[in-house]
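Beneath this line is the structure, given in structure tokens, with notes to follow.
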Amino acid sequence: MLATKKTKESTIVFLSQVPGKGKSTGYPLTIDFDGSNFMDGRNVMIYVPQQQIRLPKDSVINNSVYVIDSRGRVHKQKIDGNFADGNKAFSRGKGLLPIRTNT
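Our numbering numbers the first residue of the sequence shown as 262 and each following residue consecutively.
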């Protein structure tokens, strides 16, 4: 979302496999776009649509995981999916959905 409250779709051309340095848990990425609508020094929000969520097998107990809501409360949530390559994978709409947060 731009400072003008408009949106801009683009393509991620690079996404780091490891988190960035410092206190941030973000992953460095590069996006291919025309920056003429951006103002220097402004923040943008980026949403990355996900087709599938993968969790480590050890984090899933009896088809349940623990999630934290936007208020910091912990909830046990049932999920449905299949194990592949040591991970529990499931599609959007089948169990756990990603939560958007503003950082």
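Just so you know, even glycine gets a beta-carbon here, dropped at the ideal spot from N, CA and C.
Since the structure is predicted, the reported quantities are computational estimates derived from the model, not experimental observations.
Judged by beta-carbon spacing, residue 293 lies beyond the 8 Å limit of residue 268, meaning their Cβ atoms are not closer than that value. Between the segment 312-328 and the segment 296-303 there are fewer than three inter-stretch CB-CB distances shorter than 8 Å, so the stretches are not counted as touching. Residue 325 is bridged by DSSP to 322, 339.
The alpha-carbon separation between residue 343 and residue 302 amounts to approximately 43 Å.
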